[in-house]
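Student: Here it is, the structure in full.
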Amino acid sequence: MTYSDGADETVPELKLIIEDPENGDYVKLRGGSDEEEEESPAGCWIGSVTSVWFWVKLISLVAFLGLLAFVIIKWIAPFLIEKELIPFIKWVRSTFSIPVLGLLLFASVALFPSILLPSSPSMWMAGLTFGYGNGFLLILSAASIGVTLPFLIGHLFLHKMQEWLKQYPKKAAILRAAGEGTWFHQFQAVTLIRVSPFPYMIYNYCALATGVHYGPYILGSLVGMVPEIFVSIYTGIMLRTLAVASDKRHGLSAMEIVVNVLGFCVTASATIVCTIYAKKKLSAMQSEEVET
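In terms of the working numbering, the sequence shown opens at residue 863 and continues consecutively.
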């Protein structure tokens, strides 16, 4: 019960509970929305609708990706491959030997991030030329140099990077979160930054200014780049498959199309899920950093 003394002040509601003398139980005469009370049917219904809607969106996304992959593999890719990719592959193979090509790809993956150039085309070419095993080893070893060089060069611009972080506190909160806490916390934060859509080439230079140590930085960077590496290698292998089919003047069989479409859907879905998870985790870290 409540009362007012005319000054717009309200005494909190009082609940009366009496004991039943016959069976010793307590009887609540007036109740409120306590946490102890069971969840209302409306809340359960809303939760079930949300869960169903999530699966509807996920299935729709997978179906859309499958349709997109089918259209690309069936019509768009063969045209582009015949006009652009096959002449380029023939030129590369006639100009460079396999060892020289591997050295060029290694150098591009290792040096391009330092000059803020994308290395994804080189990763595609590594997958197209060397496949999963050798391509993965080539890219990973080159990427270790590619993320180390900006980290070391960052010593020359340490003061400027620190001033830049001060000018954009909210945007830099996510970077500062990677440089705090234990070794494992730094490793986890760096890994999430690599998986997320954050521009990692900029982070390579800003990492030192956040106080992150080299150990969790290099290990987190390599682990976080694994999904991107596999996607790039898979893309290169798929391009090689389409190029071979187009060069021999025969289309892909129904089974080959299904396998490529499913592979594309699985790869794209896994990448999207990892990116969304990393983005949510980084947002939580950013909120904690802003509060402190």
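Every residue gets a Cβ at the ideal spot worked out from N, C-alpha and C, and that includes glycine.
Would Ser-982 pass as a contact of Ser-1094 if the rule is Cβ separation under 9 Å?
Tutor: Counting from 1 along the sequence shown, the entry for residue 982 is found at position 120. Counting from 1 along the sequence shown, the entry for residue 1094 is found at position 232. Contact flag set, yes.
Student: For Cys-1136 versus Pro-1089, is the C-beta distance shorter than 9 Å?
Tutor: Taking the sequence shown and counting its residues from 1, one reaches residue 1136 at position 274. Taking the sequence shown and counting its residues from 1, one reaches residue 1089 at position 227. For Cys-1136 and Pro-1089, yes; Cβs fall inside 9 Å.
Student: What do you get for Leu-1053, buried or exposed, if any count of 16 or more other CB atoms within 10 angstroms of its CB means buried?
Tutor: One-based indexing of the sequence shown puts residue 1053 at position 191. Before going on, a small fix: residue 1053 reads as Thr here, not Leu. By the neighbour-count rule (16 or more Cβ atoms within 10 Å), Thr-1053 is buried.
Student: Going by CA-CA distance only, name the one from Val-1057, Ser-1108, Ala-1005, Tyr-1096 that's closest to Gly-993.
Tutor: In the sequence shown, counting from the first residue as 1, residue 993 sits at position 131. Checking every option, the nearest Cα to that of Gly-993 belongs to Tyr-1096.
Student: Taking only three categories from DSSP, how would you classify Glu-946?
Tutor: The residue labelled residue 946 in the question sits at position 84 within the sequence shown. Helix, per DSSP.
Student: Note the first and the last residue of the continuous alpha helix (DSSP H) segment covering Pro-980.
Tutor: Numbered from 1 along the sequence shown, position 118 holds the residue referred to as residue 980. Run containing Pro-980: none; DSSP gives neither H nor E here.
Student: I'd like the ranges of any beta strand (DSSP E) spanning at least 3 consecutive residues and lying wholly in the region 1126–1150.
Tutor: Those beta strand (DSSP E) runs which fall completely within the region 1126–1150 and span 3+ residues do not exist here.
Student: Three-state secondary structure (DSSP) at His-1047?
Tutor: Residue 1047 sits at position 185 when you count from the first residue of the sequence shown. Three-state DSSP puts His-1047 in a helix.
Student: Which term fits Met-1100, buried or exposed, when burial requires 16 or more other beta carbons within 10 angstroms of its beta carbon?
Tutor: Residue mapping note: residue 1100 aligns to position 238 of the sequence shown, counting from 1. Classification for Met-1100: buried.
Student: Nearest to Pro-1031 by CA position, among Thr-1072, Ile-948, Ala-1004, is which residue?
Tutor: Counted from its first residue, the sequence shown places residue 1031 at position 169. Comparing Cα positions, the closest option is Thr-1072.
Student: Could you spell out where the alpha helix (DSSP H) holding His-1017 opens and where it closes?
Tutor: Walking along the sequence shown from the start, residue 1017 turns up at place 155. Where His-1017 is concerned, there is no enclosing alpha helix (DSSP H), given that its DSSP letter is neither H nor E.
Student: Applying the criterion that 16 or more other CB atoms from any shown protein chain within 10 Å of the CB defines a buried residue, is Gln-1029 buried or exposed?
Tutor: Start at 1 with the first residue of the sequence shown, and residue 1029 comes out as number 167. Its Cβ having fewer than 16 others within 10 Å, Gln-1029 is exposed.
Student: Of the choices Ala-1130, Thr-1010, Tyr-1067, whose alpha-carbon is the least far from that of Phe-1019?
Tutor: Along the sequence shown, read from residue 1 onward, the residue named residue 1019 stands at position 157. When only C-alpha atoms are compared, the closest one is Tyr-1067.
Student: Determine, using beta-carbon pairs with one atom in the region 916–935 and one in the region 952–965, whether at least three such pairs fall under 8 Å.
Tutor: Touching, no, given that fewer than three Cβ pairs across the two stretches are closer than 8 Å.
Student: Count the other C-beta atoms from every protein chain shown that fall within 10 angstroms of the C-beta of Arg-1056, then say buried if there are 16 or more, exposed otherwise.
Tutor: Your numbering for residue 1056 matches position 194 in the sequence shown. It is buried - the Cβ of Arg-1056 has at least 16 other Cβ atoms within 10 Å.
Student: Let me make sure I understand the geometry here. Which of Pro-975, Leu-966, Leu-1011 has the alpha-carbon closest to that of Leu-1000?
Tutor: Position 138 of the sequence shown, counted from the first residue, corresponds to residue 1000. Selected option, being the one with the closest Cα: Leu-966.
Student: Tell me the rounded alpha-carbon separation between Ala-925 and Val-918.
Tutor: Reading the sequence shown from its first residue, position 63 is the one you call residue 925. Reading the sequence shown from its first residue, position 56 is the one you call residue 918. Taking the straight line joining both Cα atoms gives about 11 Å.
Student: Give me the residue from Ile-1007, Gln-1050, Met-1087 with the minimum Cα distance to Leu-973.
Tutor: Translated into the one-based positions of the sequence shown, residue 973 becomes position 111. Here the closest residue by C-alpha is Ile-1007.
Student: Cα separation between Pro-1059 and Ile-1138?
Tutor: To locate residue 1059, count along the sequence shown from 1; it is residue 197. To locate residue 1138, count along the sequence shown from 1; it is residue 276. If I take the Cα positions, the gap works out to 9 Å.
Student: DSSP on Pro-1031, reduced to helix/strand/coil?
Tutor: For the purposes of this step, residue 1031 is taken as the residue at position 169 of the sequence shown. Helix, per DSSP.
Student: Around the C-beta of Pro-1012, are 16 or more other C-beta atoms found within 10 angstroms, so that it is buried, or is it exposed?
Tutor: Here residue 1012 is taken as the residue at index 150 of the sequence shown, counted from 1. With 16 or more Cβ atoms within 10 Å of its Cβ, Pro-1012 is classed as buried.
Student: Can you tell me the Cα-Cα spacing of His-1017 and Ala-1130, whole angstroms?
Tutor: The residue labelled residue 1017 in the question sits at position 155 within the sequence shown. The residue labelled residue 1130 in the question sits at position 268 within the sequence shown. Each residue's Cα considered, the two are about 37 Å apart.
Student: Under 6 Å Cβ to Cβ from Met-1063, same chain only, skipping five residues before and after it: list those, please.
Tutor: Position 201 of the sequence shown, counting from 1, holds the residue named residue 1063. Closer than 6 Å at the Cβ level, and outside the excluded window around Met-1063, lie Pro-975, Leu-978.
Student: Could you tell me the distance, in whole angstroms, from the CA atom of Thr-991 to the CA atom of Met-985?
Tutor: In the sequence shown, residue 991 corresponds to position 129, counting from 1. In the sequence shown, residue 985 corresponds to position 123, counting from 1. Cα-Cα distance, rounded: 10 Å.
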